[in-house]
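Here the structure is laid out as structure tokens; the discussion comes afterwards.
There are 2 protein chains.
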Amino acid sequence: MVRENEIRPSEVAVDPPPATDAGLVFIGVIRTPWGSRLLTPRQGRADGPVCRIEIFDPWREALQGVEAFERLEVLYWLHLSRRDLVRQSPASDGTSRGTFALRSPVRPNPIGTAIVTLAGVEGSTLLVRGMDCVDGTPLLDLKPDRALFKPIAPPQPGDFEVG
Amino acid sequence: MVRENEIRPSEVAVDPPPATDAGLVFIGVIRTPWGSRLLTPRQGRADGPVCRIEIFDPWREALQGVEAFERLEVLYWLHLSRRDLVRQSPASDGTSRGTFALRSPVRPNPIGTAIVTLAGVEGSTLLVRGMDCVDGTPLLDLKPDRALFKPIAPPQPGDFEVG
Numbered sequence: 017m018v019r020e021n022e023i024r025p026s027e028v029a030v031d032p033p034p035a036t037d038a039g040l041v042f043i044g045v046i047r048t049p050w051g052s053r054l055l056t057p058r059q060g061r062a063d064g065p066v067c068r069i070e071i072f073d074p075w076r077e078a079l080q081g082v083e084a085f086e087r088l089e090v091l092y093w094l095h096l097s098r099r100d101l102v103r104q105s106p107a108s109d110g111t112s113r114g115t116f117a118l119r120s121p122v123r124p125n126p127i128g129t130a131i132v133t134l135a136g137v138e139g140s141t142l143l144v145r146g147m148d149c150v151d152g153t154p155l156l157d158l159k160p161d162r163a164l165f166k167p168i169a170p171p172q173p174g175d176f177e178v179g
Numbered sequence: 017m018v019r020e021n022e023i024r025p026s027e028v029a030v031d032p033p034p035a036t037d038a039g040l041v042f043i044g045v046i047r048t049p050w051g052s053r054l055l056t057p058r059q060g061r062a063d064g065p066v067c068r069i070e071i072f073d074p075w076r077e078a079l080q081g082v083e084a085f086e087r088l089e090v091l092y093w094l095h096l097s098r099r100d101l102v103r104q105s106p107a108s109d110g111t112s113r114g115t116f117a118l119r120s121p122v123r124p125n126p127i128g129t130a131i132v133t134l135a136g137v138e139g140s141t142l143l144v145r146g147m148d149c150v151d152g153t154p155l156l157d158l159k160p161d162r163a164l165f166k167p168i169a170p171p172q173p174g175d176f177e178v179g
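For the record, the sequence lines run as chains H and A. Here the first sequence stands for residues 17 to 179, numbered as in this note's numbering. Here the second sequence stands for residues 17 to 179, numbered as in this note's numbering.
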């Protein structure tokens, strides 16, 4: 079971600095079948239920052309997650590992990423499969899946650097 | 050439709401060979130069176990990017498309994502290949590549839902 907000044996919390280095704007909301963190998938699946990504004004015009991509990368704000754990115990078994070695929603900056398949577009709402978040999760960004996107800008020197 | 901060013909800017819905903390810094946006790769490459991801206190302990993953997902803050364009013209050719149909750094929430290969660990610094950002870019998050990570938490009902 996912945590509500408890700390488990072997976990380590820190006293984090204030989260004021940069600010986010919620650009939409994600509608899923899961009303509680205790029900959500641990990871999305490509054959999962269709979820709705609703885009707010003034960002709707930014959707133009998105229908050309079969898969999208979605970034969202895990608004229910604590942010202060550096070691976590997902199995609650007395062992823990570092937050950066986990895909847990509990992170210093609780940003989730998903690769979804686009099932349809209804006005400024996208229908997608592959989400794993609770209903009402704030949306941060949408991009074409990196594997499907070819840069349009002219080449830059760094494009050709290997090491 | 990437933009400095100009608006090009056919692009559309909006008057965005204040970016105060949530706050970020910079957890580290990314050191790359590219001192200007005019030099950076448009996308990272797996055989690109080794870059350094330096983790700040108090987050260093969160690295424990990260060396087990050959590839990591990196989230970073594109601190030089404007945030108000909903249509962009990467080719500067008089045509534009929606921001969400591009992987441009110019976005309402300018968060970059990269999949990098881990080339080494030196204390609280990771050596990685595959970055595409300017030197000094603030770090937001590190996670195992989704394809390499198996959830440790016990199964949840949503894991089994298809649609």
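For glycine and all other residues, C-beta sits at the position ideal for the given N, C-alpha and C.
First through last residue of the beta strand (DSSP E) which encompasses residue i
i: residue 93 of chain H; result: 87-93
i: residue 157 of chain A; result: 153-160
i: residue 40 of chain H; result: 38-40
i: residue 58 of chain H; result: Here residue 58 of chain H belongs to no beta strand (DSSP E), and DSSP marks it neither H nor E.
i: residue 102 of chain A; result: 101-104
Under 8 Å from the C-beta of residue i: neighbouring residues of chain A
i: residue 178 of chain H; result: 61, 63, 64 and 65
i: residue 158 of chain H; result: 116
Residues sharing a beta bridge with residue i, DSSP
i: residue 69 of chain A; result: A:46 and A:142
i: residue 127 of chain A; result: A:93
i: residue 28 of chain A; result: A:103
i: residue 119 of chain A; result: Residue 119 of chain A pairs with nothing; no bridge assigned.
i: residue 53 of chain H; result: Answer is none; residue 53 of chain H lacks a bridge partner.
i: residue 136 of chain H; result: H:143
Per-residue contacts from residue i into chain A (C-beta, under 9 Å)
i: residue 21 of chain H; result: Per Cβ cutoff of 9 Å: no residues; residue 21 of chain H is ~15 Å from chain A at best.
Residues near residue i in its chain [Cβ-Cβ closer than 8 Å; skip 5 each side]
i: residue 153 of chain H; result: 45, 46, 48, 92, 93, 94, 95 and 128
i: residue 31 of chain A; result: 100
i: residue 103 of chain A; result: 26, 27, 28, 112, 113, 114 and 115
i: residue 137 of chain H; result: 79, 82, 83 and 143
i: residue 162 of chain H; result: 89
Within chain H, the residues that residue i reaches when beta carbons sit closer than 8 Å
i: residue 39 of chain A; result: 34, 35, 36, 37, 38, 39 and 40
i: residue 27 of chain A; result: Simply none; closest approach about 11 Å.
i: residue 43 of chain A; result: 124 and 125
i: residue 30 of chain A; result: 74, 75 and 77
i: residue 145 of chain A; result: 179
Partners in chain H for residue i, counting only beta-carbon separations shorter than 9 Å
i: residue 91 of chain A; result: 91, 125, 127 and 129
i: residue 121 of chain A; result: Result: empty, since nearest Cβ-Cβ is about 10 Å, beyond 9 Å.
Proximal residues of chain H, C-beta to C-beta of residue i below 7 Å
i: residue 56 of chain A; result: 172 and 174
i: residue 46 of chain A; result: Simply none; closest approach about 14 Å.
Chain-ordered neighbours of residue i on chain A, where CB pairs are closer than 7 Å
i: residue 114 of chain H; result: 77, 78, 79, 80, 81 and 82
Cut-off 7 Å between Cβ atoms - residues of its own chain near residue i, not counting five sequence neighbours on either side
i: residue 72 of chain H; result: 43 and 44
i: residue 21 of chain H; result: 98
i: residue 56 of chain A; result: 50, 148, 149 and 150
6 Å CB neighbourhood of residue i in its chain, flanking five on each side removed
i: residue 119 of chain A; result: none
i: residue 141 of chain A; result: 68 and 70
Evaluate contact between the region 100-115 of chain H and the region 79-87 of chain A, counting only Cβ atoms and requiring at least three cross-stretch pairs below 8 Å.
Flag = yes, the region 100-115 of chain H and the region 79-87 of chain A touch.
Counting Cβ pairs, one atom from each stretch, are 3 or more of them under 8 Å apart for the region 25-38 of chain A and the region 145-164 of chain A?
Too few Cβ pairs lie closer than 8 Å, so no.
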